[in-house]
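Here the structure is laid out as structure tokens; the discussion comes afterwards.
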Amino acid sequence: MKIIVCVKQVPDTNEVKIDPVKGTLIRDGVPSILNHDDANALEEALKIKDQNPGTTITLLTMGPPQAQEMLQECLAMGADDAILLSDRALGGSDTWATSNALAAGVRKIGDFDLIFAGRQAIDGDTAQVGPQLAEKLGIPQVTYVQKAEVKDGVAKVERALENGYEKISVNLPCMLTAIKELNEPRYMSIRGIFKAAKFPIKVWNADDIGVDKTIVGLEASPTNVFKSFTPKPKGQGVVVAGDTAKELAGNLVSDLKKKHII
Amino acid sequence: MDFSYSREQQMVKKMLKEFSEVEVAPYCEDWDANAEYPEESMKKLGDLGLMGMPFPVEDGGAGADYVTYVMAIEELSKISGAHGVIVQTHNALACWPIYTYGTEEQKKKYLPKMFTGEHLGAFGLTEPNAGTDAAMQQTKAEDKGDHWLLNGSKVFISGGGIAEVYVIFAMTDKSKGTRGISAFIVEKGTPGFSRGKKENKMGIRASIAAELIFEDCKIPKENLLGEVGKGFKVAMSSLDVGRLGIAAQALGIAQGAFDETVKYMKQRKQFGRTLDKFQALTFEMSAMRTKIDGARFLLYRAADNRQKGLPSTIEAAEAKLACSEAAMFVTTKAVQFHGGYGYIKDYPVERMMRDAKITEIYEGTSEVMKMVMAGDIFK
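Here the protein sequences come in this chain order: A and B. If you want the numbering used here, it's the position in the first sequence, counting the first as 1, plus 307. If you want the numbering used here, it's the position in the second sequence, counting the first as 1, plus 402.
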């Protein structure tokens, strides 16, 4: 099986702050890490490889040259090949432009059975690139995957919902986006580290992937950021218990009274 | 000279930091209290390649160099000195002598499972009356024609009873002194070989040390490691590698205790200000850091010499002396700066101070390190 895993190098959000004036992320001096959900995407691909010898995993990312460090770490976990799309012409791309570039990258890679991506990146939090990429490649997609079983050309997956999950069967080739519930990412191995540090990562520019330059980069991006802010955490909800409608209503009223709301 | 970390070293440090924080730190207090071998986390370290780390990939090892190897032990020991010594003893004192002195058959038989951590290795030299004076071995091995017959006992053996493969030293000719010592590979479960008393130690309590007993223990002829009468060389050369690991363990303990103290001083308030605002204490912290960094460079040089095939016995002795002294100096101060909280088990510095002491004792005491160096100075 041939698997492509889309990964992204992101600033460690535990360390990141927002510039109160410009509304942009202050990235100076903030360590860069592999996006969390992408680690789950890679782990799922590695699990498939563990069970299906002969499987190859190709990493695909777009970013500045230092994104190679993250690719090395993914290689050290067990991926087989790594491609970095890096070009000033691609800089400043929003999700639409990014997925255009990634789609061109995937077409250049050629054959694949499965694409894994993280649900969303912790810097932009859009969760759009995976789905857009699937659309542009014309393949089916399942987002928010919390469990996956790939066998005989079919992926049987559980797609997480707010309060439950859907069971979906989807034919390969397809795109699955991973959430943290999917698995526990493995550590880099020592042998993997020594191999990865010397691995020739492929760096492709816009010409290499033959992408139309009018659909990538800052100029081509339809999104404009007006304001960035730290969202207030959505408090823990309360589930009112009770067997009958009357009991439920009674419990609700008594809870509201306790909090002096009514 | 290159004083920057290679990409490999950065990744190894990053991986082991994450590993230690998730798989080790939350359980250290319990392992220490119960003197419990951390089996699950050791198995995981084996899967990651730590149990055959400085051996070539083509021979089944993880393919790391010695500098990166000592950095790995240092990183683990920042959180758990016990993990540091388990990894180092296995690599340096069991895998290394078998890899270096073993026959092709011995290597093929033992190393694959040792390099993955499936089989733990141990090293049996010390006896009740043969500590620093290792030549006073009482354990003897008699040539019985088709086998060796082992009788005697060993004490304080790390991994005793847990390990599957033991490198054991015994007298094959008492009249020849150190030239009468030979090395043998003994497997767990060999009739006549049993574990004696499990020691109740001050520190590194998650690393098990025990007595080994040999009573008419028959060892196959082919289990002689190296040549007859060359066992002392096997032991001493293994300990040269081991000292790098113990120095790394000591350095890690020192750094771990230092880091804990920095964290504590930033939040502990007395007289209306945090401890990091007291200059007398911050100056001492500066002195501690200087000791740690100085010891670190001695260690990395010794490891680099070994990697390059240059002489490293003196360098390793210097590194072990400096790192273990740094460990005692720093952990004692760390407890002091934590005050009463440093003396109770709620903070890890209490354990770290107990863990540190052994690094001045085992695999050659500080006095032995000075003997080694003095011998070189006045040769």
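Beta carbons are placed, not taken as given, at the ideal position from N, Cα and C, and that holds for glycine.
{"Query": "CB contact flag (V732 (chain B), M690 (chain B), <8 Å)", "Result": "yes"}
{"Query": "Where E456 (chain A) falls, given that 16 or more other Cβ within 10 Å makes a residue buried", "Result": "exposed"}
{"Query": "Backbone CA spacing between I446 (chain A) and G437 (chain A) [nearest angstrom]", "Result": "11 Å"}
{"Query": "Test: L677 (chain B) CB closer than 8 Å to a CB of chain A", "Result": "no"}
{"Query": "V323 (chain A) vs V312 (chain A) beta-carbon contact at 8 Å", "Result": "no"}
{"Query": "Residue environment, R414 (chain A), which counts as buried when at least 16 other CB atoms sit within 10 Å", "Result": "exposed"}
{"Query": "Segments of 4+ residues assigned as alpha helix (DSSP H) that fall wholly inside the stretch 676-744 of chain B", "Result": "681-710, 715-740"}
{"Query": "Buried or exposed (CB count within 10 angstroms, at least 16 for buried), H492 (chain B)", "Result": "buried"}
{"Query": "DSSP-derived helix/strand/coil call for Y568 (chain B)", "Result": "strand"}
{"Query": "Close Cβ partners of E469 (chain A) (< 7 Å) along its chain, the five nearest in sequence each way excluded", "Result": "none"}
{"Query": "G554 (chain B) to M516 (chain B) span [Cα, whole Å]", "Result": "26 Å"}
{"Query": "Under the three-state DSSP convention, the category A585 (chain B) falls into", "Result": "strand"}
{"Query": "Runs of beta strand (DSSP E) wholly within the stretch 582-629 of chain B (minimum 3 residues, chain order)", "Result": "583-589, 595-600, 611-622"}
{"Query": "Neighbour list for Q379 (chain A) in chain B, Cβ cutoff strictly below 8 Å", "Result": "R409, M413"}
{"Query": "Within-8 Å CB hit, R414 (chain A) to chain B", "Result": "no"}
{"Query": "Supposed contact pair A410 (chain A) and K443 (chain A) - C-beta distance, whole angstroms, cut 8 Å", "Result": "4 Å"}
{"Query": "Delimiting residues of the alpha helix (DSSP H) encompassing S640 (chain B)", "Result": "633-669"}
{"Query": "CB of L412 (chain A) within 8 Å of CB of L382 (chain A), strictly", "Result": "Residue identity check: residue 412 (chain A) is Gly in the sequence provided, not Leu. No, they are not a contact pair."}
{"Query": "Continuous alpha helix (DSSP H) assignments of at least 4 residues falling wholly in the stretch 451-539 of chain B", "Result": "468-481, 483-490, 498-503, 506-517"}
{"Query": "Positions along the stretch 453-484 of chain B whose CB lies within less than 7 Å of some CB in chain A", "Result": "M455, V459, A464, G465, A466"}
{"Query": "Identified DSSP bridge partners for R466 (chain A)", "Result": "A:V452, A:E473"}
{"Query": "Contacts of F501 (chain A) in chain B (Cβ-Cβ under 8 Å)", "Result": "E410, V459, A464, G465, A466"}
{"Query": "Top-ranked residue by Cα proximity to T537 (chain A), from A:Q316, A:T320, A:V314, A:K309", "Result": "A:T320"}
{"Query": "Where N436 (chain B) falls: helix, strand or coil (DSSP)", "Result": "helix"}
{"Query": "Unbroken beta strand (DSSP E) run spanning S555 (chain B), endpoints", "Result": "549-560"}
{"Query": "CB contact check: G658 (chain B) to chain A, cutoff 8 Å", "Result": "no"}
{"Query": "Counted within 10 angstroms of its Cβ, other Cβ atoms place V328 (chain A) as buried (16 or more) or exposed", "Result": "exposed"}
{"Query": "Selection of the stretch 411-441 of chain B by Cβ proximity to chain A, strictly under 7 Å", "Result": "M413, V414, M417, E420, F421"}
{"Query": "Buried or exposed (CB count within 10 angstroms, at least 16 for buried), D535 (chain B)", "Result": "exposed"}
{"Query": "CB contact below 8 Å: L701 (chain B) versus chain A", "Result": "no"}
{"Query": "Closer than 8 Å to chain A by CB, G579 (chain B)", "Result": "no"}
{"Query": "Inter-residue spacing [alpha-carbon to alpha-carbon] between R670 (chain B) and M754 (chain B)", "Result": "20 Å"}
{"Query": "Cβ pair A484 (chain B), F525 (chain B) closer than 8 Å", "Result": "no"}
{"Query": "Bridge partner(s) assigned by DSSP for M573 (chain B)", "Result": "B:K542, B:I583"}
{"Query": "Element boundaries [alpha helix (DSSP H), containing F421 (chain B)]", "Result": "409-421"}
{"Query": "Distance CB(A404 (chain A))-CB(G517 (chain A)) smaller than 8 Å", "Result": "no"}
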